[in-house]
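Letter by letter, the sequence shown follows residues 8 to 408 in this note's numbering.
Beta carbons are placed, not taken as given, at the ideal position from N, Cα and C, and that holds for glycine.
Structure first, then comments.
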Amino acid sequence: MTTQLGRTVAINRSSQLEAAEITRRTPAGLGRRQINPWERFCRWVTSTENRIYVGWFGVLMIPTMATAATVFVLAFIAAPAVDMDGTGRAISGALLDGNNLISGAVVPTSAAIGLHFYPIWEAASLQEWLTNGGPYQLIVLHFVIGIISYQDREWELSYRLGMRPWISLAFTAPVAAAVSVLLIYPVGQGSFSSGMPLGISGTFTFMLQFQADHNILASPFHQLGVIGVFGGSLLCAAHGSLVTSAVIRPGVGEASREHRPLGWKKPAWAVRPGQTYSFDYAQAHQEKLLWRGMKFKDSRSLHFFLAAFPVAGIWSAALGVDMAAFGFDRFSVGGAMESYAQKTVVPTWADLVTQANQGIKAIEETDTMSVPILLSAAADRAAAAADDGGLLLQQVSDPLG
């Protein structure tokens, strides 16, 4: 007799069937619960045994990224010219219009649209939607949703594998940078036409215009971003070279005695088995190259610093773009600082940067400045016509005068 779940079960009765015989007499499928298609789909989505993990955020990421990629390729190849400034001056970025892979780009949405949500059904025709740069807004919005879903998908996979969420947290840095340039900056400037063109030369043109308008090179947040990116690259290169130099090769010290040099002994850093490389030896080497105390106490603190340093830098750069978008770029250091000594201006490097910014801004505004000039000329002509009409009326009323 045995007790199971509060009841007594006899296991030694002569009439009791064996487990194998019970399984053999049970009809096929009677003991299995039928799984409906939705539950089967849920198990497939959340399964970590798939070759590529899908996840619930992947269900959102896959269609949005596929849509953004498809529209980007089509627009990069065959999109018509876009009235980006809203003045009737069309700008073309497609390959079929004579551009190459370097000069081609998806031109931002027209300034006439502003920040309005501009799907295809809001336009009178497909040609109007293309002329106003509708593909750019479609690509940007789907891409932003896609990369945020990818970041959350990393967190979801880490959660199901029992890992910490630091991978997803580190990916917030490129997400923040992309969202700042493609979404927050246009919102702060009041139009999607201020966004970054989606192309190689368009990216550099956007950088020049951003520098001319906001002097981002003098922003302390951008400077922290440069330190984080380049400093992180230097630290990763140093760490990789140290690890490669301290890798424990299999069979170190296992050669026969006759092949060993006189007085040779096994290195101290290769004594402990089960290691890929000697962390202590690499840190001791680093301390001798730099200065005493310049080392990490364990591998966890080292790799956390390697991850956190560039991530914090990119966060700072994204924050600098966000502040410039809403007009808070007065926090930038430098600027047109002038020093006076006996009424003599001492130029600084900031003055040269300011002159370069003004030159870039002048090039940028060459064509757009023609619109108010034409309007003022038309107003002058209208005023002149009104004056001529008044003089003619006066002559008619007083012909002897």
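Through-space distance from residue j to residue i, alpha-carbon basis
i	j	result
Q365	A219	6 Å
I59	F311	27 Å
M72	I367	35 Å
L108	F211	14 Å
A331	G238	24 Å
A85	H229	36 Å
I146	D336	28 Å
G105	I98	12 Å
P204	V186	14 Å
L67	V78	17 Å
K194	F124	A small correction: the amino acid at residue 194 is Val; Lys does not occupy that position in the sequence shown. Whole-angstrom Cα-Cα distance: 12 Å.
V89	E129	17 Å
Q293	H246	9 Å
A369	L215	12 Å
P70	I223	35 Å
A225	F333	17 Å
Y192	L148	14 Å
I380	G95	Its pLDDT being 43, under 50, I380 is placed unreliably in this model, and the coordinates cannot settle the point.
N43	V80	39 Å
R160	A291	39 Å
L309	Q41	51 Å
D305	F48	43 Å
E46	I154	27 Å
M301	N139	57 Å
A244	M91	43 Å
A357	A131	49 Å
T361	L190	27 Å
P227	T251	35 Å
H221	A184	17 Å
T283	R307	15 Å
Beta-carbon gap between residue i and residue j smaller than 7 Å
i	j	result
A82	V52	no
R171	T55	no
A75	F150	yes
Q144	V182	no
S208	A253	no
F303	G235	no
Q141	A118	Looking at the sequence shown, residue 141 is not Gln but Gly. It is not a contact, given that the beta carbons lie outside the stated cut-off.
I321	A180	yes
G232	A363	no
F213	T116	no
L326	A289	no
P87	L133	no
8 Å contact criterion, which residue i and residue j should meet: CB distance rounded
i	j	result
G121	G197	6 Å
F217	S156	Actually they are not in contact, since the Cβ atoms of F217 and S156 sit about 28 Å apart, beyond 8 Å.
L313	L242	6 Å
I174	S165	6 Å
E135	G62	Not a contact, Cβ separation roughly 39 Å.
G169	G111	No, G169 and G111 are not in contact; Cβ-Cβ is about 45 Å, not under 8 Å.
V318	V188	The pair is not a contact, with the Cβ atoms about 17 Å apart (cut-off 8 Å).
DSSP bridge partner residues for residue i (one or two, in chain order)
i	result
G232	None, per the DSSP bridge assignment.
V114	Paired residues: none, contrary to the question.
Y284	V254
Quick check for students: name the residue ranges of the beta strand (DSSP E) that lie wholly in the segment 48-105, counting only runs of 3 or more.
With a minimum length of 3 residues, no continuous beta strand (DSSP E) run stays inside the segment 48-105.
In chain order, which continuous runs of the alpha helix (DSSP H) of length 4 or greater are located wholly inside the segment 177-205?
Residue ranges of uninterrupted alpha helix (DSSP H) with 4 or more members, entirely inside the segment 177-205 and ordered along the chain, are 192-196.
Can you list the alpha helix (DSSP H) stretches of 4 or more residues lying completely in the segment 131-171, in chain order?
Segments of the alpha helix (DSSP H) lying fully in the segment 131-171: 133-138 and 141-167.
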